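Enquirer:
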Amino acid sequence: MSDDTLLGTPITDEAIAAVHFFNGRLLTSRDLSREQDARRTADARVGAATGGGIAWGLEVNASGTGAGTNTGNVRVDPGLALGLAGNSLKLARPFTVTLVQPPSTTTASSDGSFTPCKPLGPGTYVAGDGLFLLTLAPIDQPHDLAPVLAIDNSRTRCNTDVMLEAVQLRLLRVNDFNATGTDARAVARLRNEVAYDCFGAKPRQSAHGQPLTSAVRMASQQVMPLGLIDRMRVDGSLSLCEVPLALIYMVGDAVVFIDGQSVRRRVAAAGATVPWAPWLGERLQATTEAQFAQFQEQVADTPAVLAEAATQSLSWLPPAGFLPAATDWRRFLGARAPVREVPLSAGDAPEVLASALACDPVQLAQTSDDTRFRIYRIGGTAAGPLLFVRDSRRIRHAEQIWLDGLRADLPGVSDVQSAIDTLRNGTCLHTVLRPGMDFARVERALADQSVVSVCFEPGLYELDQPLSFTRIDRLSIQGHGALLRCAGSEQVLVVVGGGSVDIDGLALEGGKVTVGGTANTAHGLGGALTVRDTRVVRIRGVSASTHDGGALGACGIHVRLNEPADTQTPERWLRVHISDCEVRVGARQSGILCLNADEAHLHDNHIRALDAQRPMQRGITVAGQRAGDIQVTRNQVWDAIEGITVATSDTSGKDSPALQTERLELAHNRVRVQLAGIERHESRYGLFVGNVASARVQRNEVHGDPEQAAELPLHGIRIAGVFGPQVLVRDNRLQGTAIGIRFQPSSYAHEQTLWVMEANVGEGLLGQEPRGNLIVIDEKWFKRVILRDNVELP
């Protein structure tokens, strides 16, 4: 309902009544009091427009050494505050207040000369556990006496001289929350929940989810009830004249905690558009600042909260807050923690904090809210404090951020989103390498990174020196058929250190062979693709080639671990998977070399000599001081002097056990041996197995040239060294060699052995062994070997 009026008509409701003085007027004390009331009312309206809150001081602390150590006494520091009614409240010096006391018998009253404030009801705690609100309120106190003009002898000769506009401390019970005892977690959660009720967190979140879009204008009101303090003002338990100082939780006569920041607000005016109070205004800004300060105050009072997940003791987290440098932030934030922390310059921290405080707090138990936090390390050093902020990266869209398209070599692109779209369409968001780039700068930029995905654009890359990637935790390289050529070195691509590497679809062409090796090679062998000291290696679909050399100095693919891993430390093992690779090998060079592998699976690779009449030295070699679970299957090796080798170097002492490959499967491989141009003293074979605990050599084919094999005796399969309880050699086909299978144990690791050779076939074997050329065993070991169903054909 509204009253009707006309333009220019005076409206006198709640107008200030100023006394009109004129000569000859009879002046009384009532006139002077009304004049004082008018001036005070005018001042109060100015104060109310400014807003209520604490200007400075008035902090409340336990009077002992800490909360819970005193018997109901707190200390209130001096300070100045403004009530929502516009009245000023000042405490000139610190006071220690006894909270547990009998009801007040003071004769002071607020129903005196201070017009804006009405009498206040009782507000003194007597006994009982619970949550209480300590406030500062006005009270008028008569002071001194003044003589009265003696008109009537029966009248009093003195009266009150002045009325002091004093202040009083009141303690109000908060009924919305029940006492929970003194359990640390329960008390911490109570403190957190009541604080965010005071902040009006839930109603504000609801308002943000459903902004007012109705065309009907809502009527403004002085207070829009959002939180606990607003509700207490509405129900009359808290006056507009008094200012909240702190929440106090008591058990018996002991103070358990004092939380000032949950109810303290700086002086802030209410917005002129009250319906939009959850969105705009000084009071909202004051509340967001209080959320931040309350969290810092609570964790300072109870640091144990930070030693476990926040959900154990807290129901809410502010949108931003500081944590001590040593805090385990992953445990504290739990599922809302980021993947990693980000270094932040100290000079940028204030802007990051201010931006985050404008966001809503996070309700930890609300599973539908997937809000996460970001963690910044101030200064970027381990000693720097941590700043967590609500992750609000979706606020600013990438289209709003300008980008220099010409500098990025993206013509026509002027914002980040367009750049991402352009790169995604062409490069799958990888780090893109193109022919002609400054690869030295690329190497420096990518070194020591955590995760790197590299994409080569198709084309020919002429390199002045090998391309190196160093100490990258997870490296992925997609070649897309790009050809990398380095004329000055047998090495083309080198990966050193890191946790894992995946290489797919790349072609590499090594150049000049350097006999004797470099710092990045081992045993004088530099690979066109060299991977060194990287724990997990996956190579697929790679094409590699080496040039000819007068001596062994290069290989197509070279993977190694410099120092063999401890067998009891699996996380340090070398795991290798090489498949579907094409390797072209120059004269006297090597195809695939794998050293000190704990697990190796080499399958479906094709290794061939560049010139069949100038054979490669070795096709596939898996060796070193350590070999664990080794599988070499379905490979083809053409025109090698030494086809496939799996062996460990026996560097143990006389009384120490020999180094052995733990498990070996050598199966379904095809090898063609070429002996053109070699000397008689040189080693030559199709397959070689040395020092194995458990071996299965089956369904392999070895082909030799009968004319060469007659001049240079050739072993199709040679098995020599120290062996464990199981050696199975079956279903192999040997053709055109001098001896099919040569078994030469030097000793055995177990008394009971199962050494079986069965169903092997030899064709055109040219040796002169008395027991036949298919399987040759020293007399010492002959009785230990089970021979059955082996056939030697002419």
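Residue numbers for the sequence shown follow my numbering, beginning at 12 and rising by one.
All C-beta atoms in this analysis are idealised placements derived from N, C-alpha and C, irrespective of residue type, glycine included.
The structure displayed is predicted, hence computed values, not measured ones.
Could you name the residues of the same chain whose beta carbon sits closer than 6 Å to that of Gly8, not counting the 5 residues immediately before and after it, in chain order?
Expert: The chain is shown only over 12 to 805; residue 8 falls outside these bounds and no answer can be derived.
Enquirer: Residues in its own chain within less than 7 Å of Pro153 by CB, not counting five upstream and five downstream?
Expert: Numbered from its first residue, the sequence shown carries residue 153 at position 142. Closer than 7 Å at Cβ, skipping near neighbours: Thr171 and Met174.
Enquirer: Measuring CB to CB, does Asp650 end up less than 7 Å from Glu610?
Expert: Sequence index remark: in the sequence shown, residue 650 carries index 639 (1-based). Sequence index remark: in the sequence shown, residue 610 carries index 599 (1-based). The answer is no: Cβ separation not under 7 Å.
Enquirer: Contact check, Arg244 vs Leu251 under 8 Å by CB: the rounded distance?
Expert: Start at 1 with the first residue of the sequence shown, and residue 244 comes out as number 233. Start at 1 with the first residue of the sequence shown, and residue 251 comes out as number 240. Right, their Cβ atoms sit about 6 Å apart.
Enquirer: Please specify which runs of the beta strand (DSSP E), each continuous and at least 3 residues long, are wholly inside the stretch 430 to 499, giving them in chain order.
Expert: If we require 3 residues or more, the beta strand (DSSP E) runs fully inside the stretch 430 to 499 come out as 442 to 444, 462 to 467, 471 to 474, 478 to 481, 485 to 489 and 494 to 497.
Enquirer: Which residue marks the beginning of the beta strand (DSSP E) containing Leu106, and which one marks its end?
Expert: Locating residue 106 in the sequence shown gives position 95, where the first residue counts as 1. According to the sequence as given, residue 106 is Phe; it is not Leu. Start and end: Phe106 to Thr109.
Enquirer: Can you have a look at Ile259 and say buried or exposed, based on whether 16 or more other CB atoms are within 10 angstroms of its CB?
Expert: Here residue 259 corresponds to residue number 248 of the sequence shown, with the count starting at 1. Flag for Ile259 reads buried.
Enquirer: How many Å lie between Ile603 and Asp402 at the Cα?
Expert: Start at 1 with the first residue of the sequence shown, and residue 603 comes out as number 592. Start at 1 with the first residue of the sequence shown, and residue 402 comes out as number 391. Using only the alpha carbons, I get a separation of about 48 Å.
Enquirer: Per the DSSP calculation, Asp426 is bridged to which residue(s)?
Expert: Position 415 of the sequence shown, counting from 1, holds the residue named residue 426. DSSP, once it has assigned bridges, lists Trp413 as partnering Asp426.
Enquirer: For the candidate residues Arg277, Ala749, Arg645 and Glu410, whose alpha-carbon lies nearest to that of Arg695?
Expert: Here the question's residue 695 lines up with position 684 in the sequence shown. Checking every option, the nearest Cα to that of Arg695 belongs to Ala749.
Enquirer: Where do the N-terminal and C-terminal ends of the alpha helix (DSSP H) with Gly818 fall, by residue?
Expert: This structure does not reach residue 818, given that the chain is present from 12 up to 805, and the question cannot be answered.
Enquirer: Hey, Arg707 and Glu676 are a contact pair by Cβ (cut 8 Å); roughly how many whole angstroms apart?
Expert: Here residue 707 refers to the residue found at position 696 of the sequence shown. Here residue 676 refers to the residue found at position 665 of the sequence shown. Yes, they are in contact, since the Cβ atoms of Arg707 and Glu676 sit about 5 Å apart, within 8 Å.
Enquirer: Per DSSP, which residues does Ile652 bridge with? Please list them.
Expert: Residue numbering aside, residue 652 sits at position 641 when the sequence shown is read from its first letter. Looking at the DSSP assignment, Ile652 forms no beta bridge with any residue, so it has no partner.
Enquirer: Per the DSSP calculation, Met634 is bridged to which residue(s)?
Expert: Numbered from its first residue, the sequence shown carries residue 634 at position 623. First, the residue type needs correcting, since residue 634 is Ala and not Met in the sequence shown. Leu606.
Enquirer: Compare the C-alpha of Arg599 against each of Gly560, His614, Leu613 and Leu540 and name the closest.
Expert: By 1-based counting over the sequence shown, the position of residue 599 is 588. The shortest Cα separation from Arg599 among Gly560, His614, Leu613 and Leu540 belongs to Gly560.
Enquirer: Determine, using beta-carbon pairs with one atom in the stretch 446 to 463 and one in the stretch 480 to 488, whether at least three such pairs fall under 8 Å.
Expert: Flag = yes, the stretch 446 to 463 and the stretch 480 to 488 touch.
Enquirer: Just confirm the distance between the C-beta atoms of Gln709 and Ala731, as a whole number of angstroms; I'd bet it's less than 8 Å.
Expert: Residue numbering aside, residue 709 sits at position 698 when the sequence shown is read from its first letter. Residue numbering aside, residue 731 sits at position 720 when the sequence shown is read from its first letter. Actually they do not touch by this definition, with Cβ atoms about 18 Å apart.
Enquirer: Quick one: grab the DSSP three-state call for Gln746.
Expert: Position 735 of the sequence shown, counting from 1, holds the residue named residue 746. Gln746: strand per DSSP, three-state reduction.
Enquirer: Take Leu237 as the anchor and find which of Val266, Asp742, Val267 and Ala206 has the nearest alpha-carbon.
Expert: Translated into the one-based positions of the sequence shown, residue 237 becomes position 226. Nearest C-alpha to Leu237: Ala206.
Enquirer: Within the continuous alpha helix (DSSP H) that includes Glu722, where are the two ends?
Expert: For the purposes of this step, residue 722 is taken as residue 711 along the sequence shown, with counting starting at 1. Per DSSP, Glu722 belongs to the alpha helix (DSSP H) from Pro717 to Glu722.
Enquirer: Assuming Thr644 is part of the beta strand (DSSP E), what are its boundary residues?
Expert: Position 633 of the sequence shown holds residue 644. Asp640 to Thr644 is the span of the beta strand (DSSP E), which, as asked, contains Thr644.
Enquirer: On the criterion of 16 or more Cβ atoms from any shown chain inside 10 Å, does Val178 qualify as buried, or is it exposed?
Expert: Indexing the sequence shown from 1 puts residue 178 at position 167. Answer is buried; the Cβ neighbour count reaches 16.
Enquirer: Would the beta-carbon of Gly345 fall within 7 Å of that of Ala320?
Expert: The residue given as residue 345 occupies position 334 in the sequence shown. The residue given as residue 320 occupies position 309 in the sequence shown. For Gly345 and Ala320, yes; Cβs fall inside 7 Å.
Enquirer: Please classify Glu410 as buried or exposed, where buried requires at least 16 neighbouring CB atoms within 10 angstroms.
Expert: Along the sequence shown, one-based indexing puts residue 410 at 399. Glu410 should be labelled exposed.
Enquirer: Just tell me which of Ala195, Ser487, Ala199 and Trp287 has its CA closest to the CA of Ser217.
Expert: The residue you call residue 217 lines up with position 206 of the sequence shown. Considering only alpha carbons, the answer is Trp287.
Enquirer: Go ahead and pull the three-state DSSP assignment for Phe188.
Expert: Here residue 188 refers to the residue found at position 177 when the sequence shown is read from its first residue. Phe188: coil per DSSP, three-state reduction.
Enquirer: By the three-class DSSP mapping on this structure, what secondary structure does Glu204 have?
Expert: Counted from its first residue, the sequence shown places residue 204 at position 193. In this structure, Glu204 counts as helix in the three-state DSSP scheme.
Enquirer: Return the first residue and the last residue of the alpha helix (DSSP H) that Phe333 is part of.
Expert: As a first step, residue 333 is located in the sequence shown; it is residue number 322 there, counting from the start. From DSSP, Phe333 is part of no alpha helix (DSSP H) but of the beta strand (DSSP E) over Ala331 to Leu334.
Enquirer: Identify the residues that DSSP records as bridge partners of Leu239: which are they?
Expert: Looking up residue 239 in the sequence shown gives position 228. None; Leu239 has no bridge partner.
Enquirer: Would you kindly check if the distance between the Cβ of His714 and the Cβ of Gly747 is under 7 Å?
Expert: Within the sequence shown, numbered from 1, the residue matching residue 747 stands at position 736. Within the sequence shown, numbered from 1, the residue matching residue 714 stands at position 703. Contact: yes.
Enquirer: Grouping DSSP H, G and I as helix and E and B as strand, with all else coil, what is Cys566?
Expert: Counting from 1 along the sequence shown, the entry for residue 566 is found at position 555. Residue state, collapsed to three classes: strand.
Enquirer: Counting Cβ pairs, one atom from each stretch, are 3 or more of them under 8 Å apart for the stretch 756 to 770 and the stretch 731 to 741?
Expert: The stretch 756 to 770, when compared against the stretch 731 to 741, does touch it at the 8 Å Cβ threshold.
Enquirer: Please report the distance separating the alpha-carbon of Gln636 from that of Thr541.
Expert: In the sequence shown, the residue the question calls residue 636 occupies position 625. In the sequence shown, the residue the question calls residue 541 occupies position 530. When rounded, the distance between both Cα atoms is 19 Å.
Enquirer: With Thr541 as the anchor, note down where its beta strand (DSSP E) starts and where it stops.
Expert: Here residue 541 is taken as the residue at index 530 of the sequence shown, counted from 1. Segment Gly537 to Arg543, the beta strand (DSSP E) holding Thr541.
Enquirer: For Leu344, name the three-state secondary structure that DSSP assigns.
Expert: Locating residue 344 in the sequence shown gives position 333, where the first residue counts as 1. It is helical.
Enquirer: Indicate the three-state DSSP secondary structure (helix, strand or coil) for Phe303 in the structure shown.
Expert: Locating residue 303 in the sequence shown gives position 292, counting from the first residue. It is helical.
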